[in-house]
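Notes to accompany the following structure.
Protein chains: 2
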Amino acid sequence: MNLIILTETDRVGENGFVLSDHRAEHIRAVLKRGVGDSVSVGILNGPTGSAKITRAGSDLVQLECDQWSEIVPPIPEIDLICALPRPQTLKKVLLTCAMMGVRSLHLVRANRVEKSYFSSPLILSENQLPYLTEGLSQGKLTRLPQVQVHDKFRRFFEDELPTFGSDTSESLRLLCSPDTEAPLDKVFSAGAAQVVVAIGPEGGWVPFETELMQSLGFRAFTLGRWTLRVEHAVTAALAQVELLRLMQQA
Amino acid sequence: MNLIILTETDRVGENGFVLSDHRAEHIRAVLKRGVGDSVSVGILNGPTGSAKITRAGSDLVQLECDQWSEIVPPIPEIDLICALPRPQTLKKVLLTCAMMGVRSLHLVRANRVEKSYFSSPLILSENQLPYLTEGLSQGKLTRLPQVQVHDKFRRFFEDELPTFGSDTSESLRLLCSPDTEAPLDKVFSAGAAQVVVAIGPEGGWVPFETELMQSLGFRAFTLGRWTLRVEHAVTAALAQVELLRLMQQA
Numbered sequence: 051m052n053l054i055i056l057t058e059t060d061r062v063g064e065n066g067f068v069l070s071d072h073r074a075e076h077i078r079a080v081l082k083r084g085v086g087d088s089v090s091v092g093i094l095n096g097p098t099g100s101a102k103i104t105r106a107g108s109d110l111v112q113l114e115c116d117q118w119s120e121i122v123p124p125i126p127e128i129d130l131i132c133a134l135p136r137p138q139t140l141k142k143v144l145l146t147c148a149m150m151g152v153r154s155l156h157l158v159r160a161n162r163v164e165k166s167y168f169s170s171p172l173i174l175s176e177n178q179l180p181y182l183t184e185g186l187s188q189g190k191l192t193r194l195p196q197v198q199v200h201d202k203f204r205r206f207f208e209d210e211l212p213t214f215g216s217d218t219s220e221s222l223r224l225l226c227s228p229d230t231e232a233p234l235d236k237v238f239s240a241g242a243a244q245v246v247v248a249i250g251p252e253g254g255w256v257p258f259e260t261e262l263m264q265s266l267g268f269r270a271f272t273l274g275r276w277t278l279r280v281e282h283a284v285t286a287a288l289a290q291v292e293l294l295r296l297m298q299q300a
Numbered sequence: 051m052n053l054i055i056l057t058e059t060d061r062v063g064e065n066g067f068v069l070s071d072h073r074a075e076h077i078r079a080v081l082k083r084g085v086g087d088s089v090s091v092g093i094l095n096g097p098t099g100s101a102k103i104t105r106a107g108s109d110l111v112q113l114e115c116d117q118w119s120e121i122v123p124p125i126p127e128i129d130l131i132c133a134l135p136r137p138q139t140l141k142k143v144l145l146t147c148a149m150m151g152v153r154s155l156h157l158v159r160a161n162r163v164e165k166s167y168f169s170s171p172l173i174l175s176e177n178q179l180p181y182l183t184e185g186l187s188q189g190k191l192t193r194l195p196q197v198q199v200h201d202k203f204r205r206f207f208e209d210e211l212p213t214f215g216s217d218t219s220e221s222l223r224l225l226c227s228p229d230t231e232a233p234l235d236k237v238f239s240a241g242a243a244q245v246v247v248a249i250g251p252e253g254g255w256v257p258f259e260t261e262l263m264q265s266l267g268f269r270a271f272t273l274g275r276w277t278l279r280v281e282h283a284v285t286a287a288l289a290q291v292e293l294l295r296l297m298q299q300a
């Protein structure tokens, strides 16, 4: 944990927080900090700062936050669409999205998504929270990605997608695809404030799906000469978008 | 498994192979294939092809390879240097390297590497093999990355590094670093046939280490505005190198 993520339910005073779960254990056993030491903290969807340990018992740690940074580190806007992956993969995708500052994650039904994935407990946001928080903690971020599950493929792309985000008219829609040889720079627009990237299921999208997405302005690109797992495709896509954004700023 | 990886120990004839481990289970339970069906196979460090199932019992599957492709898919050369990560992370790094076609992986000692990691069973190549094979199987590749463990930081960089690979005089040496704002394109050379990327430990390299690497020609770049885990940094770095290579070819 690079940042101990705190929530309102941990709060016991204006700047006091009590932790009694794995975070307390982490502070004691991994960070090896005790009373009087400081740790880096972040309020969920709020500022980061530092906190002094005022109590460290066998089952709880009490913190007094003594310094807040005004600014939550800005991360460029990016939204991700993923065909709903198997639960074990979804855990990794959730962590990655939080760690890499994804604004929203849309988990959609697709032809090659097994129906049973939609009855996984991980569909519920309270069950996603631990993985998201772990990602924020690793990435030193506090802004929780918005995660939405979309049960209807066509309705999501045709009706719901146009309404998300504040600047969709300016958004660049991208589609990772093994069926094209165009690298990302061929479809990347300089200055697109908002980027949406779609990642398919294991086995890929079916032609109906890619055709519908392309008719809605999604531009296909290849991540490279690989066959990747979903969680690796997510990381690779975010890394390539970031590289092109950094290149444009220079 | 996108490719069932076969080894010489599985061979029972010129083109016959018998599997009795998790690959047999995977063919039956996940791929749901039986006698007469075909599966995609690859010989470790050899060709890929297809095989017909000639027997499918409760605990073994027999295959008869009936078609070989002459050519193992070429993957651009890349070597990776990683500060030896914790065992759980190393498993992921091994899988990723095999899946993404890394030629060699050098696991080195560094100041912030815990000494105990060098006594992990995963230091031994026979214990690495399952993770590498799983990666090849996912990536549809057959060439096993060469994995070497280097117990001395300075000796590795000063004495051993210059001798690995066949074209080190032409090699581009790169160093992921949070201490620079230069994106990868700023340090990437058009036409470098061989690329070596170094990824630090959790907590990063210490100044002595980066200074030594930079004195040996390693050029520092940032993956982006993130704090990533080692396994994500590996994927992100490989993805960014691949993007620049694809851009140069176009």
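Same order as they appear, the protein sequences are chains A and B.
The first sequence begins at 51 in the working numbering and counts up one residue at a time.
The second sequence begins at 51 in the working numbering and counts up one residue at a time.
The beta carbon of each residue, even a glycine, is placed where N, CA and C say it ideally should be.
When the Cα atoms are used, Q290/A and G99/B turn out to be separated by approximately 32 Å. When DSSP states are grouped into helix, strand and coil, K165/A belongs to the helix group. Residue state for T277/B is assigned as coil, using DSSP reduced to three classes. The three-state reading of DSSP puts P233/B in strand, counting E and B together. S154/A carries a strand assignment under DSSP once its states are collapsed to helix, strand and coil.
Contact between S70/B and D109/B holds: their C-beta atoms lie close to 6 Å from each other, under 8 Å. Q244/A is positioned such that its CB atom lies no closer than 7 Å to that of E64/A. Counting only Cβ-Cβ distances below 9 Å, N52/B has contacts in chain A at T277, in chain order.
The Cβ neighbour count for F168/A, taken over all protein chains shown within 10 Å, is under 16; the residue is labelled exposed. Restricting attention to Q178/B, D116/B, L155/B and I103/B, the CA atom closest to the CA of P137/B is found in Q178/B. Shown here, T146/B sits in a helix according to DSSP, grouped into three states.
For R105/B, the enclosing beta strand (DSSP E) begins and ends at T98 to A106. In this structure, the beta-carbon distance from K190/B to N52/B falls below 7 Å. The C-alpha of V246/B is placed about 29 Å away from the C-alpha of D229/A.
Put simply, the stretch 111 to 119 of chain A does not touch the stretch 146 to 163 of chain A. Fewer than three CB pairs are less than 8 Å apart. Under the three-state reduction of DSSP, G66/A is assigned to strand. DSSP, read as helix, strand or coil, puts L194/B in coil. Below the 7 Å Cβ cutoff, chain A contributes no neighbours of T104/B, its closest Cβ being approximately 26 Å away. Sequence-distant partners of V91/A (beyond 5 residues in either direction) whose C-beta falls short of 8 Å from its own C-beta, in its chain, are L53, I54, I55, L56, F67, T98, G99, S100, A101, L113 and C115.
Nearest Cα to N161/A within the set E210/A, L134/A and A300/A: L134/A.
Per DSSP, the beta bridge partners of I128/B are V245/B. In its chain, beyond the 5 residues on either side, A248, M263, F268 and A270 have a beta carbon closer than 6 Å to the beta carbon of L225/A.
Sorting A286/A, E184/A and L211/A by C-alpha distance to the C-alpha of R193/A places E184/A at the top. Excluding residues up to 5 positions away in sequence, nothing lies with its Cβ nearer than 6 Å to the Cβ of G86/B in the same chain.
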